[in-house]
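Reading through the structure tokens given below for one structure.
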Amino acid sequence: MSAARGAVPTGEERKPCVSSDCDPARLDLTPAEGYLLSRIDGATSIAQLRQIGGLPAGEMVTCVERWIAEGVLVVEGGGGQLGVTSQERPVAEVPLPTVDAALDLPVDTQEAVRDFLGRLGAPYHEVLGVDFSADVRTIKKAYFALSKKFHPDRYFRRELGAFQDPVERIWRRILEAYELLSDPATRAEVQKTGGGATGAAAEANPAVASPLQSARRMRARLTTLAGHRKMVGERRRKAKGFFESGMAAFRKDRWLEAAGSVRLAIAFDPQNEAYRAAFPDVQGRAHEERAKQVLKEADACYDLGDYREAFKFYEEATHYRPFDAELHHKAGRLAFRLGEDLRKAKEYASSACELEPESAIHHRTLGQIFAAAGLDANARRELQQALRLDPKDAEAKEALRAL
Amino acid sequence: MSRVIGIDLGTTNSCVSIIENGQPSVIPNAGGYKTTPSMFAVTQDGKRLVGHLAKRQAITNSKHTIYAAKRLIGRRFDDGEVQRCIELSPYSIVRGQNDDPRIEVGGKVFTVTELSAVILKEMKRVAEEYLGEPVREAVITVPAYFNDAQRQCTKDAGRIAGLEVLRIVNEPTAAAMSYGFGKNVDEKIAVYDLGGGTFDISILELGDGVLEVLATAGDTFLGGEDFDRRIVNHLIETFQETEGIDLRTDTMALQRLKDAAEKAKCDLSQRETAEINLPFIASDANGPRHLSIELSRNSLEGLVHDVVQGTLKTVEQCVKDAGLEPGAIDQVILVGGQTRMPLVQQAVADYFGKRPHKGVNPDEVVAVGAAIQGEVLVNKDESMLLLDVTPLSLGIATFGGHFAKLIERNTTVPVRKSHIFTTTRDNQSAVKIRVLQGESEQAIENDLLGEFVLTGIRQAPKGEPEVEVAFDIDANGIVSVAARDLETSKEQSITVNATGTLDEGEIQQIIEDNELYEVAVK
Chain A
131 MSAARGAVPT GEERKPCVSS DCDPARLDLT PAEGYLLSRI DGATSIAQLR
181 QIGGLPAGEM VTCVERWIAE GVLVVEGGGG QLGVTSQERP VAEVPLPTVD
231 AALDLPVDTQ EAVRDFLGRL GAPYHEVLGV DFSADVRTIK KAYFALSKKF
281 HPDRYFRREL GAFQDPVERI WRRILEAYEL LSDPATRAEV QKTGGGATGA
331 AAEANPAVAS PLQSARRMRA RLTTLAGHRK MVGERRRKAK GFFESGMAAF
381 RKDRWLEAAG SVRLAIAFDP QNEAYRAAFP DVQGRAHEER AKQVLKEADA
431 CYDLGDYREA FKFYEEATHY RPFDAELHHK AGRLAFRLGE DLRKAKEYAS
481 SACELEPESA IHHRTLGQIF AAAGLDANAR RELQQALRLD PKDAEAKEAL
531 RAL
Chain B
7 MSRVIGIDLG TTNSCVSIIE NGQPSVIPNA GGYKTTPSMF AVTQDGKRLV
57 GHLAKRQAIT NSKHTIYAAK RLIGRRFDDG EVQRCIELSP YSIVRGQNDD
107 PRIEVGGKVF TVTELSAVIL KEMKRVAEEY LGEPVREAVI TVPAYFNDAQ
157 RQCTKDAGRI AGLEVLRIVN EPTAAAMSYG FGKNVDEKIA VYDLGGGTFD
207 ISILELGDGV LEVLATAGDT FLGGEDFDRR IVNHLIETFQ ETEGIDLRTD
257 TMALQRLKDA AEKAKCDLSQ RETAEINLPF IASDANGPRH LSIELSRNSL
307 EGLVHDVVQG TLKTVEQCVK DAGLEPGAID QVILVGGQTR MPLVQQAVAD
357 YFGKRPHKGV NPDEVVAVGA AIQGEVLVNK DESMLLLDVT PLSLGIATFG
407 GHFAKLIERN TTVPVRKSHI FTTTRDNQSA VKIRVLQGES EQAIENDLLG
457 EFVLTGIRQA PKGEPEVEVA FDIDANGIVS VAARDLETSK EQSITVNATG
507 TLDEGEIQQI IEDNELYEVA VK
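Note that the protein sequences, when read in sequence, are chains A and B.
The first sequence begins at 131 in the working numbering and counts up one residue at a time.
The second sequence begins at 7 in the working numbering and counts up one residue at a time.
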């Protein structure tokens, strides 16, 4: 079923592709979902995706539908609106409060808070204002000094206005930085990643992961996705190689080789229009070349008396030369002579008649085949037609009298 | 400048303090005593007595005189500790409608929170009489190892007593604050707090005007009262051997024995022997019987040796949690009356390899620390900042009865950690989360704080919905939970069933009821 231009494909025939507005790195995918996403390339329909596997069929369709609804995928002619999937919320999304002398907070402290908000998303050691390799003593001193400024007890019952929330966030971040950096167990891990943001992990209820474990899992998923993108790039490169060698062969008139290469190029990069456009021409010539080869073989077999083999070759040749009347006739006649498959003989003979109705011989052969099959009315008609076209055809007269 | 008092609400004795002209002072009651027994009684004619007055008539009115209510606060009736109390207490403990323990005295049933409120009210009155003005704000201390329910109930008790509780502070931390007040030192401190009913050990670091708790541990059912009980049992057994009478059946005798045991215990801290004389303790066919037993310090130490060793095990774990060696501790501070016992002092000194600091009064230092913290909060005193920790890990029950920790013990408070939950069945519309505090891997062995039900989750295949649950421990060590549906940014409705605590309605009722009564003044 092909979609008419302008109509929206429906159901399983739809061919989704990844939306350019969507960044797969921000999605939360299981390995199976990641595999499915890698298979979505705008040329594979949902029906085909089903067979690829990775997810049970029902789940796969639900997943794809969800991605379409969320705007992760688009379908030509239609698509879901862009939705928001679960993402990491950036750490420093606090709006900068304006300095207000009327608040119960010294102005220089307000400035300090504003300044600190800029550093909130920075790696932990920067948050504390220490060197990357600072020892625990230095870290603790920095923590003590900062806590005197930002600990909530300092602001007990004070009217902080717009600074209330930022101060709390700053304190939490300082505490997080101190705990992770001062504990030898977490220090190494945090230093590696820099601890720019805390990750959120969706887990089966209610087993939960620590922020570090979630960060690890997120990294693993991103690695898988990066791997997938790398693989897609490699396929495209391969496709290009095939196409180029195909074109080279084409220029050297090696049609069959060229057709094979271009076909591979299309398989590896189905979205490439250039490859598809080039193919019919290449294929046409390849067919012609093949036809010639096959006919040569057929004739050779015929001359040797190996009619059965000859017939097979003639049959193949008709695929490459579908409009060759003479060829069809030859095939039909040979089939008739072999006497094994009259139906086939009739088909080829009747094709020959259709392709070239003015040939008496074609009609005669067809008539003879009908007669052999016991279809006298048809036989008479064809033989009469043959005689009409060539009154001197003795064989046709003979056949007609025999009915 | 508002006046904030610091109250040490102890198992056996309570104390109140205030900062005057930058100096801490302990407020004496009308009788001149700096501590007040945490006791409440209702006499035969319905009069309510508290403090020394209650203690004085305890022997003759033991069934209606309540002491050590702190051992019951915030617990469930079925807790092992409550059952032990039922065995040992002369007053009657019954099951309340929230499955909490309640005490029947003078024909009325009181919640433990109410009883604690009576004591707090008395301490408030003592302060007001001394200062000549009303007092409305207080900082109240609790054992460091108290869980969320115990802290909530203590805070509620303060409210019923007519006080705004600015902060619930851990007792060892308060003691360290008192010690560090006005000192410019950089030290690692261990506070060994063995009071009447509870034991706490905290390791802290003091420096740059910041007091940071590194680790804390304890046992909320271990204290001086247990030492007394060992002595009482010894006396009963000795008497049984010599006279053939079991004094356990006689409540008045038991009360006399308890009193005498406590006195002997205290005497033996100064002297090598003590005589326990209780004439007419019992009678049988041959006439009245008298108890006269001599107790030596050695015998006493033999009786309680394992209890003291038990505390050292907890100390060891705490020091390890703090990431230190015993030798790294610069100062050891002893808190609580029971630390006056030479055996305890020696054991602690041996463990840390140094003599404990002698400059603090073990009965008063906690109240003073509470007053200091009040001053820091209310009067913008920048001299000291306290960074305390939560003593118990906070987590949830997971499939298979396991306990998953979300916030580790000894995490600095206030702290908030959020985690994302999802469903385990298709189209599951609600998720039940059971919040627990404790260290065991098995959920059943930890304290259940409450159950939270998140409803209104959208119908979706399992594993899809995302609900962020934020666990918050405030500076009092009290837990609260909020939930948010990440997909819609909607706040999820949660239902909390806190165990053992009173709800708002009940508290209001109690406040109203208590306005009708006034405790008798001497």
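In this text, a Cβ means the ideal position worked out from N, Cα and C, and glycines have one as well.
Close Cβ partners of residue i (< 6 Å) along its chain, the five nearest in sequence each way excluded
{"i": "Pro-107/B", "result": "Leu-78, Phe-83, Val-88, Ile-99"}
{"i": "Arg-366/A", "result": "Asp-399"}
{"i": "Gly-57/B", "result": "Thr-42, Pro-43, Glu-128"}
{"i": "Leu-513/A", "result": "Gly-497, Ala-526, Ala-529, Leu-530"}
{"i": "Gly-435/A", "result": "none"}
{"i": "Pro-34/B", "result": "Lys-40"}
{"i": "Leu-200/B", "result": "Gly-342, Gln-344, Thr-345"}
{"i": "Gly-102/B", "result": "Arg-108"}
C-alpha gap between residue i and residue j, whole angstroms
{"i": "Ala-334/B", "j": "Leu-297/B", "result": "49 Å"}
{"i": "Thr-147/B", "j": "Leu-305/A", "result": "24 Å"}
{"i": "Gln-410/A", "j": "Glu-419/A", "result": "One detail in the question is off: residue 410/A reads as Pro in this sequence, not Gln. Near 14 Å, if we compare the C-alpha coordinates of Glu-419/A and Pro-410/A."}
{"i": "Ala-440/A", "j": "Gly-376/A", "result": "31 Å"}
{"i": "Val-338/A", "j": "Ser-424/B", "result": "Because the pLDDT of Val-338/A is 39, which lies under 50, any placement of that residue in the model is unreliable, and the number read from its coordinates should be weighed accordingly. If you take the alpha carbons of Val-338/A and Ser-424/B, they lie about 10 Å apart."}
{"i": "Thr-204/B", "j": "Arg-267/A", "result": "34 Å"}
{"i": "Thr-404/B", "j": "Asn-452/B", "result": "13 Å"}
{"i": "Pro-146/A", "j": "Gly-390/A", "result": "28 Å"}
{"i": "Val-310/B", "j": "Gly-316/B", "result": "10 Å"}
{"i": "Asp-432/B", "j": "Ser-277/A", "result": "46 Å"}
{"i": "Asp-234/A", "j": "Pro-282/A", "result": "14 Å"}
{"i": "Phe-409/B", "j": "Asp-206/B", "result": "24 Å"}
{"i": "Met-361/A", "j": "Tyr-165/A", "result": "12 Å"}
{"i": "Arg-422/B", "j": "Glu-195/A", "result": "37 Å"}
{"i": "Glu-243/B", "j": "Lys-269/B", "result": "19 Å"}
{"i": "Ile-174/B", "j": "Ser-168/A", "result": "56 Å"}
{"i": "Ala-177/A", "j": "Ser-446/B", "result": "52 Å"}
{"i": "Ala-252/A", "j": "Lys-270/A", "result": "19 Å"}
{"i": "Gln-515/B", "j": "Glu-231/B", "result": "33 Å"}
{"i": "Lys-194/B", "j": "Leu-210/B", "result": "6 Å"}
Residue i burial status per 10 Å Cβ neighbour count (16 or more: buried)
{"i": "Ala-526/A", "result": "buried"}
{"i": "Phe-187/B", "result": "buried"}
{"i": "Asp-369/B", "result": "buried"}
{"i": "Glu-414/B", "result": "buried"}
{"i": "Pro-149/B", "result": "buried"}
{"i": "Pro-220/A", "result": "Its pLDDT being 40, under 50, Pro-220/A is placed unreliably by the model, and the measurement read from it follows with that caveat. Exposed, by the Cβ-count rule."}
{"i": "Ile-402/B", "result": "buried"}
{"i": "Gly-52/B", "result": "exposed"}
Neighbourhood of residue i by C-beta, 7 Å cutoff - its chain only, sequence neighbours within 5 removed
{"i": "Asn-402/A", "result": "Ala-369"}
{"i": "Phe-453/A", "result": "Leu-485"}
{"i": "Ala-272/A", "result": "Leu-258, Gly-259, Val-260"}
{"i": "Glu-110/B", "result": "Ser-98, Val-100"}
{"i": "Asp-171/A", "result": "Cys-147, Pro-400, Gln-401"}
{"i": "Lys-460/A", "result": "Tyr-444"}
8 Å contact criterion, which residue i and residue j should meet: CB distance rounded
{"i": "Thr-495/A", "j": "Arg-463/A", "result": "5 Å"}
{"i": "Val-485/B", "j": "Asp-154/B", "result": "5 Å"}
{"i": "Ile-166/B", "j": "Ile-513/B", "result": "6 Å"}
{"i": "Glu-218/B", "j": "Leu-393/B", "result": "4 Å"}
{"i": "Ala-181/B", "j": "Val-10/B", "result": "In fact, because the Cβ distance is near 18 Å, the residues do not count as touching under 8 Å."}
{"i": "Ala-162/A", "j": "Leu-179/A", "result": "No, Ala-162/A and Leu-179/A are not in contact; Cβ-Cβ is about 12 Å, not under 8 Å."}
{"i": "Ile-426/B", "j": "Glu-493/B", "result": "About 11 Å; that fails the 8 Å criterion."}
{"i": "Ile-396/A", "j": "Arg-406/A", "result": "6 Å"}
Any non-hydrogen atom of the ligand NAP within 7 Å of residue i CB
{"i": "Pro-107/B", "result": "Ligands are entirely absent from the displayed structure, and the ligand NAP is therefore not among its contents."}
Own chain residues within Cβ distance below 8 Å of residue i, not counting five before or after
{"i": "Ala-466/B", "result": "Thr-429, Asp-432, Asn-433"}
{"i": "Ala-481/B", "result": "Arg-173, Asp-394, Val-419, Pro-420"}
{"i": "Glu-241/A", "result": "Val-229"}
Measuring CB atoms only, is the stretch 441-456 of chain A touching the stretch 416-427 of chain A, in the sense that at least three cross pairs come out at less than 8 Å? Touching, yes, given that three or more Cβ pairs across the two stretches are closer than 8 Å.
When the Cβ atoms of the stretch 501-509 of chain A are set against those of the stretch 348-365 of chain B, are three or more pairs found closer than 8 Å? no
Determine contact between the stretch 377-384 of chain B and the stretch 280-290 of chain A, defined as no fewer than three beta-carbon pairs at a distance below 8 Å. yes
Measuring CB atoms only, is the stretch 112-129 of chain B touching the stretch 62-78 of chain B, in the sense that at least three cross pairs come out at less than 8 Å? Result yes; three or more Cβ-Cβ pairs closer than 8 Å.
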